[in-house]
Structures are given as structure tokens and as C-alpha cells.
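Peer 1:
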Amino acid sequence: MNMIQNPKAYCLVFLFLVYCLTSCSDVKYSQGEALYLANCSSCHMPEAGGVAKLYPALNDLRNSDVKLDALPCIIRYGQNKDIYSLEMEGLKNLSSIEINNIINYLLNDINGIELEYSIDRTKGNLQNCKDTD
Amino acid sequence: MMQIRIIGIIAVIGFFVVACESKSSDKPLPIIGRLEIVDGDTIHHTIPDFEFINQDSQLVTNQELTEYIYISDFFFTSCPSICPIVKKQMLRIYDKYKSNSMVKLVSHTIDPKRDTADKLKRYAADLGVDTGKWVFLTGDKESLLDIADAYFVAAYEDPDAPGGFDHSGKIILVDTKRQVRSFAEGTDPEDVDRFLKDIDKLLHEYDSKS
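Top to bottom, those sequences are chains F and X. Start counting at 1 in the first sequence, then tack on 706, and there's your number in this note's numbering. Start counting at 1 in the second sequence, then tack on 70, and there's your number in this note's numbering.
1) Given this structure, state the Cα-to-Cα distance separating X/H114 from F/Q785, to the nearest angstrom.
2) Taking the alpha-carbon positions, what's the X/M172 to X/T136 distance?
3) Hey, would you say X/S142 sits closer than 8 angstroms to X/I269, going by beta carbons?
4) Alpha helix (DSSP H) containing X/L215: first to last residue?
5) Report the neighbours of F/V772 on chain X: residues whose CB is nearer than 7 angstroms to its CB, in chain order.
6) Is the segment 146-156 of chain X in contact with the segment 239-256 of chain X, if contact means three or more CB pairs nearer than 8 angstroms?
7) Please specify which runs of the beta strand (DSSP E), each continuous and at least 3 residues long, are wholly inside the segment 118-170 of chain X, giving them in chain order.
8) Taking F/I825 as the reference, give the member of F/P778, F/N769, F/N745 and F/M751 with the closest Cα.
9) Please decide whether X/S151 counts as near chain F, where near means a Cβ-Cβ distance under 8 angstroms.
10) Answer with buried or exposed for F/C749, where buried requires no fewer than 16 other C-beta atoms within 10 angstroms of its C-beta.
11) Pull out every residue of the segment 142-172 of chain X whose Cβ sits closer than 8 angstroms to any Cβ of chain F, in chain order.
12) Please report the Cβ distance between X/L272 and X/L99, rounded to the nearest whole angstrom; I am assuming they are in contact, meaning their Cβ atoms lie under 8 angstroms.
13) I believe X/D196 touches F/Y716 by the beta-carbon criterion, under 8 angstroms. Please report the beta-carbon distance rounded to the nearest angstrom.
14) Report yes or no: do three or more beta-carbon pairs, one from the segment 199-218 of chain X and one from the segment 805-817 of chain F, lie closer than 8 angstroms?
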């Protein structure tokens with residue numbers, strides 16, 4: 707039996723292609739995703755849509771007032787309570803690499819901004835954080 | 071042998087279809103809580119008298135709510151765990167009934183020490199809601215924790231819990247007679263879908279009376 711004439715073979719090839727396409731759409735920064743879901747998602751929501759101004763959305767960083775270079779300090783030291791009614795607490799237990807992974811997850815996987823935020827950029831910004839406490 | 075199997079499968083599917091249908095019946099919403107019989111009369115559980123202050127430091131009692139059905143929850147602004155997601159669902163309810171003058175929303179803080187009237191006012195502003203429609207209450211801590219009980223919400227101080235308080239994320243529907251008529255798990259959007267239908271059902275009770 708010639709394989710090319712066998713409809714079952716076509717079917718299998720088709721299913722294999724579908725499998726490939728769906729598995730290729732996985733997140734790029736899976737550690738960042740896991741850290742985001744564990745540390746950020748209960749306030750900023752799993753899809754990063756936030757809740758009104760109370761918990762700002764993180765899925766529209768292109769149009770946000772927040773500068774990308776401010777992100778590492780906000781994640782580590784939190785957000786000043788004078789801006790919002792609620793104070794964001796910092797995630798002081800996260801390493802620079804973990805913070806970097808969260809930022810890359812937000813940029814690439816959530817916002818679709820194709821930008822590799824380098825670890826040097828994260829570390830550089832972390833050295834210049836203003837003490838908010 | 072094959073036939074028995076097919077009959078079995080049909081029976082199982084049939085069971086689920088029937089079970090689902092009986093769920094979506096047009097029975098009125100139950101009145102939730104323990105019944106008491108006093109002098110031969112059946113007394114339903116009701117929300118007791120309360121006196122709290124709102125986000126504008128004005129006194130609020132049950133009196134202000136007697137003409138409304140209201141949706142209630144318990145939270146605190148510094149709550150890092152389930153409160154944001156519950157608030158997101160409360161916001162959905164608010165958006166749906168924004169223009170229905172029969173409906174109010176009432177959120178109670180269980181952390182009055184930190185959640186002063188002014189703090190709640192800023193919180194409501196950031197939430198972007200009209201506080202004439204959605205009231206935020208604070209007051210005496212014991213009274214707030216006690217009234218949570220009457221709404222069947224577990225709320226207590228617990229130094230080990232995130233933020234210092236442990237509480238359930240229930241959203242509660244109360245009718246004009248202070249009776250609890252439905253609940254939703256505020257952390258479960260699908261359960262809130264069902265709850266929205268319950269609110270419609272309760273509103274319908276008042277439609278048919280007027």
C-alpha cells in the first residue's frame with residue numbers, strides 16, 4: 707500500500723501539523739510567567755488587565771505613563787502610595803534575574819512588544835532605585 | 071453486550087440532561103438562613119440593625135437601604151490575596167446595574183484601623199465608581215466582624231493570614247426586607263454569571279408586584 711494514497715496518513719500528518727502550531731504558541735518566558743502568576747496576578751489579574759485605576763493594567767505598556775526603565779525598581783521596592791490610593795509592596799525576595807524574567811514576560815508575552823530586556827539593563831536600573839521607604 | 075452498553079450511556083446522558091433542566095427552573099429565590107418559629111409564626115433570618123460610616127464619614131444604617139436590593143461584600147484595601155479579584159467581579163455587577171435605581175452595592179472593610187473613611191473614598195475614586203450607588207462602609211471593628219456573620223461570611227483577624235485578616239470572598243444578595251437571597255463565590259467569574267441571573271430574578275419579584 708502506497709502511503710501517499712492512504713487517507714489515514716494524510717489525517718495523521720494534518721493532526722501533527724495542528725499539534726505543532728498549537729504548541730508553538732507557548733509563552734516565551736515561562737519562568738517569568740510562573741513568577742508573574744505567583745507574585746503579581748492576584749492584584750494585576752492573570753491576564754494583566756488590572757482593576758480600574760486601583761490595580762493598574764500591565765497589558766498596555768505601550769500607552770502607559772510608566773517608563774520601561776522604572777519597572778525593575780517598582781517590582782523590587784513597590785510603588786509610592788501618593789500616586790494611587792493603594793500602596794504596592796515590593797517583592798524584595800526576588801533576584802535580579804527573576805525580576806528580569808517578569809519584565810520580559812510582560813513585554814513579550816503579555817504586550818507583544820518584541821524586546822529582549824537585558825539582565826544588564828535590569829541590574830543597572832536596580833542600582834539607581836530611589837529609596838521610597 | 072454492545073446494546074446494554076449503549077443503553078447505559080444513554081441513561082447516563084439522560085440523567086445529566088434531566089438534572090440540568092431541573093436546576094434552571096423558575097422557582098423563586100430561597101430565603102437563606104435558619105428559620106425560627108415564634109408564637110406560631112415563621113421568622114426568617116434577616117440582617118440585624120447596623121450603624122457604620124461611609125466613605126464621606128456619614129452615618130449609614132439599614133434605614134438607608136430599605137428601598138433597595140443590595141449586593142454586599144467584605145474586604146480590606148491592603149488585602150493582597152483574594153480581594154482584587156472579588157472587586158473585579160463586584161465591578162462587573164456594578165456595571166450591569168449602574169442605571170437600575172433599585173440596586174445598590176455595599177462593601178464593608180474588616181480593617182477599620184487602616185481603612186478610614188478617607189482611605190475608602192480614595193479607593194472608590196480609583197475604582198472609578200459613584201459612591202451614591204456603591205457605598206463603602208467602615209466603623210467599629212467588632213461590629214463589622216459580627217455583621218459579617220449575619221451575611222454568612224467568615225471574617226476574623228489572623229496574624230498568619232496575608233494582610234492580617236482571613237475572610238471568604240463571598241458576594242451576598244439582600245432583598246428589601248433584609249433577607250439574604252443568594253450568594254456567589256467572588257473569586258469565580260462563572261459563579262458570578264449565575265449570581266447575575268439571581269439578581270435579575272429578585273428584581274423580577276418587585277416588577278410583578280408594582
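Just so it is clear, CB atoms sit at the ideal spot from N, CA and C, and this is done for glycine as well.
Peer 2: Walking through what the data contain:
1) Near 47 angstroms, if we compare the C-alpha coordinates of F/Q785 and X/H114.
2) Distance between the alpha carbons of X/M172 and X/T136: 10 angstroms.
3) If you check the CB distance, X/S142 and X/I269 do not come in under 8 angstroms.
4) Element bounds for X/L215: K211 to A220.
5) Going along chain X, no residue has its Cβ under 7 angstroms from F/V772, so there is no contact; the nearest lies around 16 angstroms.
6) These segments touch.
7) Counting only runs of at least 3 residues, the segment 118-170 of chain X fully encloses the following beta strand (DSSP E) elements, listed from N- to C-terminal order: 121-123, 129-131 and 139-145.
8) Of the listed residues, the one whose Cα sits closest to F/I825 is F/P778.
9) Closer than 8 angstroms: yes.
10) F/C749 should be labelled buried.
11) From the segment 142-172 of chain X, only T147, S148, P150, S151, I152, P154, I155, K157, K158 and L161 have a Cβ closer than 8 angstroms to chain F.
12) In this structure, X/L272 and X/L99 form a Cβ contact; the two beta carbons are roughly 6 angstroms apart against a cut-off of 8 angstroms.
13) Rounded, the Cβ-Cβ distance is 57 angstroms, inconsistent with contact.
14) These segments do not touch.
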